[in-house]
Amino acid sequence: DLWAYLKTLPATRQANKEHELRFPYNLRILVSGWKMMFFSPGAGSATAPAAPPEARGAYLVNVLGHCGECHTPRNALGGPDKSQLFAGAKIPEGKVPNITPTRLKNWSDAELKEYLTTGTAPNGDVAVDPMSEVITNSTSKLNPADLAAVVAYLRTLPAREGVK
């Protein structure tokens, strides 16, 4: 195991390096302001709800999957634009699609489950990074009940036009 291996390595004497952040990122007080604007304690639950499936799906999407981190646009300060939750966003790699019913209304539940397990969309397109990584390491591993719960939750989201 990794810990056993690390214990075999010789000890070193090296002081930890100080953080080297540029201004204004080196002002930790600004984190307090950011937290006041964008952090809401207790938004998630430490335990997954058992039923109904939509509640389980909400837990998987919002708490474990944190899908909104990519699928929600950011404001000028880097916080999520909650009025556009899951409506898609722009990232350095390109555009992240809208996953509200506006975009998914023409996908059947089976097609959505297929995409989340294989990365293949109904039109034959395939997921690319970073979503392909999410599918490979996360959503493809969901059991059928959890996959159905995710789909059920996505169907309950309010339709939003999203990023152009």
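Take any residue in the sequence shown, note its place counting from 1, add 519, and you have its number in this note's numbering.
The C-beta atom is built at its ideal place from N, Cα and C for all residues, glycine as well.
Taking 8 Å as the limit between beta carbons, can you name the residues of its chain near residue i, skipping five residues before and five after?
i, result
"Phe558", "none"
"Cys622", "The sequence given here has Arg at residue 622, not Cys. Closer than 8 Å at the Cβ level, and outside the excluded window around Arg622, lie Gly607, Pro616, Gly681."
"Trp553", "Leu596, Gly597, Gly598"
Report buried or exposed for residue i, applying the criterion of at least 16 other Cβ atoms within 10 angstroms of its Cβ.
i, result
"Leu590", "Position check: residue 590 holds His in this sequence, whereas Leu was assumed. Buried: at least 16 other Cβ atoms inside 10 Å."
"Thr531", "exposed"
"Met556", "exposed"
"Val550", "exposed"
"Ile618", "buried"
"Gln533", "exposed"
"Leu666", "buried"
Determine the DSSP secondary structure at residue i, reduced to helix, strand or coil.
i, result
"Ala608", "strand"
"Gly597", "coil"
"Gly587", "helix"
"Lys614", "strand"
"Thr523", "Before going on, a small fix: residue 523 reads as Ala here, not Thr. Three-state DSSP puts Ala523 in a helix."
"Glu573", "helix"
"Lys624", "coil"
"Leu579", "helix"
Excluding the five sequence neighbours on either side, which residues of its own chain have a C-beta within less than 7 Å of the C-beta of residue i, listed in chain order?
i, result
"Pro641", "Trp626, Glu630"
"Leu604", "Gly587, Thr591"
Could you compute how far the alpha carbon of residue i sits from the alpha carbon of residue j?
i, j, result
"Leu583", "Leu521", "25 Å"
"Ala671", "Met650", "20 Å"
"Ser659", "Arg593", "27 Å"
"Ala668", "Tyr544", "39 Å"
Once the 5 residues before and after residue i are set aside, which same chain residues still bring their CB inside 6 Å of it?
i, result
"Gly638", "Val645, Ala646, Ser651, Ile654"
Is there at least one Cβ from chain C nearer than 8 Å to residue i's Cβ?
i, result
"Ala530", "No chain C is present in this structure, which holds just one protein chain."
Exercise. Can you list the alpha helix (DSSP H) stretches of 4 or more residues lying completely in the region 628-683, in chain order?
Worked result: 628-637, 650-656, 663-675, all fully within the region 628-683.
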